[in-house]
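Protein chains in written order, with the numbering used here: chain Y, 566 to 853; chain G, 566 to 853.
Below: one structure, written as structure tokens.
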């Protein structure tokens, strides 16, 4: 079978595949695009990774991930910002190496409350400040920073940005080409404001990437790994996908699944299963 | 020590205590109010429970719980609505039996998606319809239905009402004396709109009950039991409590903790610990 031309495999879905394997199984499945993670890229070095990506002929959809912006002033925060600047450069290099239609998008996970802190408002303000500190670098590199709201169950330890509306409020201070949002079904499907905020995100030109995977309970012991193939859970991908497409979103659509069972499966099998799941749940909703 | 006069022990905090024990340990700790659950009340029968409550001299703050409103039309939904009518009667009877200052508040947990359904919007509409079906009964009984938004991590299997704003939007169709909201720190602390929605809830006369407990990660295997004594987690009780008090809220404040370790502890110890935690985290913020 041929995979949907808009499907992009986020490398985290096949977490234990190295970069060469990830590129190969994605390509072999007839998938046209891939989203990469920093660790496997840096394992081979950026230049080598860029060459491997170019040789694959795949489009590059996003780089994961920057962020960790909630630390108070100090050397740790400075180091985090410097690391984000390297991530911006990586994103630009990989987007240039990918096939035509690649997008230079760096996904940002804000970070949780610093140890011992209960100051959620302060942590959220530091996210805005950090993005302000990076915006000029991103603009110069032609990279869009995609603020990813994470599900509120991660608000204390992973990301103090919890809704698409909140991400857009932060992004509003910046040029839409420089700061946008990641729209991930897993994180926002429950939000009573999800449709109005997707419409708003589109109107404001902020949908930097659309990512899909499913939600199912009960959770595994590690709630970070509670993501599933589309169709295995309760998310209505039709209404969400149509809402995103209605805004004019025309980029690749990534599947990013954190799931221990899927990670332990053969990468080629996972990509094939992902493509089948995408064809069934997403493809029917991509015509405008 | 004397417990804060506004503290109310929600019976779920000492889940394995029967009604007699719950009333006794609450009273013995110098606590003035209690919130009851239907099961232990019905274990002794409503009339007996009302007499026991009256004899205790405690105020009655809420009855838990009604709801389960997301079922589609059919006998199960009809049975659920009938059961809610019984819960309304229980609430009125217990509030009349409690000491002066008791409040007739029935807490409603909306219910999750029906088995096999992905229709979140439809489920949310059925919640509104169900409340409409019960509003006259509640009004006649002098009972306030308190819609409780639950944390979005419970949106699929427990409650499709996920934010205070959403609860208030549903309540807006009804008289404020009949339909309000439960403001529980555990469920709403993460919400970027929490302060504006608390202010709105107060302005609209909808804060039927204010409940407190803490949020901490990592979660236990059952995420339903991830609630903690105030001060043991990351919630800033100062800002939230001051926001609630600023609206003019003058009722009891319940502590409702679902936690397997706390449940396995001695009830008198739990009540004492709860009172101490309340004195440290809530009491300093109760002056307007």
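Note that the Cβ used here is the ideal one computed from N, Cα and C, for glycine as well.
Predicted model, so just to flag it, every value in this text is computed and none were measured.
Next on the checklist: Counting only C-beta atoms, is residue 686 of chain G closer than 9 angstroms to chain Y at any point?
Outcome noted: Locating residue 686 of chain G in the second chain gives position 121, counting from the first residue. Yes, its Cβ sits closer than 9 angstroms to a Cβ of chain Y.
Next on the checklist: I'd like to know if residue 799 of chain G contacts chain Y, where contact means its C-beta is closer than 9 angstroms to some C-beta of that chain.
Outcome noted: Taking the second chain and counting its residues from 1, the one referred to as residue 799 of chain G is at position 234. Residue 799 of chain G counts as touching chain Y.
Checklist entry - Cα-Cα, which of Y:671, Y:788 and Y:781 is closest to residue 722 of chain Y? => result As a position in the first chain, residue 722 of chain Y is number 157, starting the count at 1. Taking only the C-alpha atoms, the option nearest residue 722 of chain Y is Y:788.
Item to check | Buried versus exposed, by CB contacts within 10 Å (16 or more), residue 768 of chain Y | outcome: The residue you call residue 768 of chain Y lines up with position 203 of the first chain. Its Cβ having fewer than 16 others within 10 Å, residue 768 of chain Y is exposed.
Item to check | Partners in chain Y for residue 683 of chain G, counting only beta-carbon separations shorter than 8 angstroms | outcome: Residue numbering aside, residue 683 of chain G sits at position 118 when the second chain is read from its first letter. What residue 683 of chain G touches in chain Y: 799, 800 and 801.
Checklist entry - How many whole angstroms separate the CB atoms of residue 594 of chain Y and residue 833 of chain Y, which I take to be in contact at a CB cut-off of 8 angstroms? => result Sequence index remark: in the first chain, residue 594 of chain Y carries index 29 (1-based). Sequence index remark: in the first chain, residue 833 of chain Y carries index 268 (1-based). With 8 angstroms as the limit, residue 594 of chain Y and residue 833 of chain Y qualify as a contact, their Cβ atoms being about 7 angstroms apart.
Checklist entry - Can the beta-carbon of residue 688 of chain G be found less than 9 angstroms from the beta-carbon of residue 676 of chain G? => result Residue numbering aside, residue 688 of chain G sits at position 123 when the second chain is read from its first letter. Residue numbering aside, residue 676 of chain G sits at position 111 when the second chain is read from its first letter. Yes, these two residues count as a Cβ contact at 9 angstroms.
Next on the checklist: Any C-beta of chain G within less than 8 angstroms: which residues of the stretch 825–851 of chain Y qualify?
Outcome noted: none
Checklist entry - At least one CB of chain Y closer than 9 angstroms to the CB of residue 730 of chain G: is that the case? => result For the purposes of this step, residue 730 of chain G is identified with residue 165 of the second chain, where counting begins at 1. Yes, residue 730 of chain G counts as interfacial toward chain Y.
Next on the checklist: Can you find the residues in the same chain that come closer than 6 angstroms, C-beta to C-beta, to residue 590 of chain G, ignoring five residues on each side of it along the sequence?
Outcome noted: Stepping through the second chain from its first residue, residue 590 of chain G is reached at position 25. These residues qualify, in order along the chain: 832, 833 and 836.
Checklist entry - Just checking my contact of residue 654 of chain Y with residue 606 of chain Y at CB under 8 angstroms: how many whole Å lie between their CB atoms? => result Position 89 of the first chain, counting from 1, holds the residue named residue 654 of chain Y. Position 41 of the first chain, counting from 1, holds the residue named residue 606 of chain Y. About 11 angstroms separates the two Cβ atoms, so there is no contact after all.
Checklist entry - Which value, in whole angstroms, describes the spacing of the CA atoms of residue 742 of chain G and residue 670 of chain G? => result Locating residue 742 of chain G in the second chain gives position 177, counting from the first residue. Locating residue 670 of chain G in the second chain gives position 105, counting from the first residue. If you take the alpha carbons of residue 742 of chain G and residue 670 of chain G, they lie about 10 angstroms apart.
Item to check | Boundaries of the beta strand (DSSP E) in which residue 575 of chain Y is found, first to last residue | outcome: For the purposes of this step, residue 575 of chain Y is identified with residue 10 of the first chain, where counting begins at 1. Taken as a continuous stretch (DSSP letters only), the beta strand (DSSP E) holding residue 575 of chain Y covers 572–575.
Checklist entry - Got a sec, what are the start and stop residues for the beta strand (DSSP E) residue 774 of chain Y sits in? => result On the first chain, residue 774 of chain Y is found 209 positions in, with the first residue counted as 1. Looking at the DSSP string, the run of the beta strand (DSSP E) that includes residue 774 of chain Y is 772–777.
Checklist entry - Do residue 748 of chain Y and residue 731 of chain Y have their C-beta atoms closer together than 9 angstroms? => result Residue numbering aside, residue 748 of chain Y sits at position 183 when the first chain is read from its first letter. Residue numbering aside, residue 731 of chain Y sits at position 166 when the first chain is read from its first letter. Result no, Cβ atoms of residue 748 of chain Y and residue 731 of chain Y do not sit closer than 9 angstroms.
Next on the checklist: Quick check on residue 635 of chain G - is its C-beta less than 9 angstroms from some C-beta in chain Y?
Outcome noted: Within the second chain, numbered from 1, the residue matching residue 635 of chain G stands at position 70. Residue 635 of chain G does not count as touching chain Y.
Item to check | 9 angstroms Cβ cutoff, residue 762 of chain Y in contact with chain C | outcome: Looking for chain C here will not work: the only protein chains present are Y and G.
Item to check | CB-CB length for residue 848 of chain Y against residue 796 of chain Y, believed under 8 angstroms | outcome: As a first step, residue 848 of chain Y is located in the first chain; it is residue number 283 there, counting from the start. As a first step, residue 796 of chain Y is located in the first chain; it is residue number 231 there, counting from the start. Their Cβ separation, rounded to whole angstroms, is 12 angstroms, which puts residue 848 of chain Y and residue 796 of chain Y out of contact at 8 angstroms.
Checklist entry - Cα-Cα, which of Y:711, Y:781 and Y:786 is closest to residue 793 of chain Y? => result Along the first chain, read from residue 1 onward, the residue named residue 793 of chain Y stands at position 228. Nearest of Y:711, Y:781 and Y:786 to residue 793 of chain Y, Cα basis: Y:781.
Checklist entry - What is the DSSP secondary structure of residue 682 of chain G, reduced to helix, strand or coil? => result The residue you call residue 682 of chain G lines up with position 117 of the second chain. Of the three classes helix, strand and coil, the one that applies to residue 682 of chain G here is coil, per DSSP.
Checklist entry - Can you give the Cα-Cα distance for residue 641 of chain G and residue 681 of chain Y, rounded to whole angstroms? => result To locate residue 641 of chain G, count along the second chain from 1; it is residue 76. To locate residue 681 of chain Y, count along the first chain from 1; it is residue 116. If you take the alpha carbons of residue 641 of chain G and residue 681 of chain Y, they lie about 47 angstroms apart.
Checklist entry - Can you give, in chain order, each stretch of the alpha helix (DSSP H) that sits fully within the stretch 702–789 of chain Y and has at least 4 residues? => result 729–736, 750–753 and 759–768
Checklist entry - Are three or more beta carbon pairs between the stretch 813–827 of chain Y and the stretch 806–819 of chain G nearer than 8 angstroms? => result no
Item to check | Sheet register partners of residue 625 of chain G (DSSP bridge) | outcome: On the second chain, residue 625 of chain G is found 60 positions in, with the first residue counted as 1. In the DSSP output, where bridge partners are listed per residue, residue 625 of chain G has G:599.
Checklist entry - Which partner residues does residue 792 of chain G have in the DSSP bridge list? => result Residue mapping note: residue 792 of chain G aligns to position 227 of the second chain, counting from 1. Per DSSP, G:780.
Item to check | Three-state secondary structure (DSSP) of residue 816 of chain Y | outcome: For the purposes of this step, residue 816 of chain Y is identified with residue 251 of the first chain, where counting begins at 1. The answer is coil: DSSP assigns residue 816 of chain Y none of H, G, I, E or B.
Item to check | Whole-angstrom distance between residue 728 of chain G and residue 759 of chain G, CA atom to CA atom | outcome: Taking the first residue of the second chain as 1, we reach residue 759 of chain G at position 194. Taking the first residue of the second chain as 1, we reach residue 728 of chain G at position 163. About 9 angstroms.
Checklist entry - Roughly how many angstroms separate the alpha carbons of residue 604 of chain Y and residue 695 of chain Y, rounded to a whole number? => result Position 39 of the first chain, counted from the start, is the residue given in the question as residue 604 of chain Y. Position 130 of the first chain, counted from the start, is the residue given in the question as residue 695 of chain Y. In a straight line, the C-alpha of residue 604 of chain Y is about 22 angstroms away from that of residue 695 of chain Y.
Item to check | heavy atom of the ligand GTP below 8 angstroms from residue 760 of chain G C-beta | outcome: Absence of the ligand GTP from the depicted structure is noted, as is the absence of any ligand whatsoever, leaving it without description.
Checklist entry - Given a limit of 7 angstroms on CB to CB distance, which residues of the stretch 781–799 of chain Y reach chain G? => result 782, 784, 786, 788 and 799
Checklist entry - With C-beta atoms as the reference, is residue 720 of chain Y less than 9 angstroms away from residue 746 of chain Y? => result Locating residue 720 of chain Y in the first chain gives position 155, where the first residue counts as 1. Locating residue 746 of chain Y in the first chain gives position 181, where the first residue counts as 1. Not a contact, by the Cβ cut-off of 9 angstroms.
Next on the checklist: So if DSSP puts residue 632 of chain G in a beta bridge, which residue, or which two residues, is it bridged to?
Outcome noted: The sequence position of residue 632 of chain G within the second chain is 67, counting from 1. G:674.
Next on the checklist: Less than 6 angstroms between C-beta atoms, sequence neighbours within five positions excluded: which residues of the same chain meet that for residue 739 of chain G?
Outcome noted: Residue 739 of chain G sits at position 174 when you count from the first residue of the second chain. Excluding residues within five positions, the ones whose Cβ falls inside 6 angstroms are 700.
Checklist entry - Leaving out five residues before and five after residue 790 of chain Y in sequence, what residues of the same chain have Cβ atoms less than 6 angstroms from its Cβ? => result Within the first chain, numbered from 1, the residue matching residue 790 of chain Y stands at position 225. So the qualifying residues of the chain are 823, 824 and 825.
Item to check | Start-to-end residues for the alpha helix (DSSP H) that takes in residue 811 of chain Y | outcome: The count along the first chain starts at 1 and reaches residue 811 of chain Y at position 246. Unbroken alpha helix (DSSP H) run through residue 811 of chain Y: 802–811.
Item to check | Close beta carbons around residue 752 of chain G, own chain, < 8 angstroms, minus the five adjacent residues each side | outcome: In the second chain, residue 752 of chain G corresponds to position 187, counting from 1. So the qualifying residues of the chain are 713, 714, 715 and 716.
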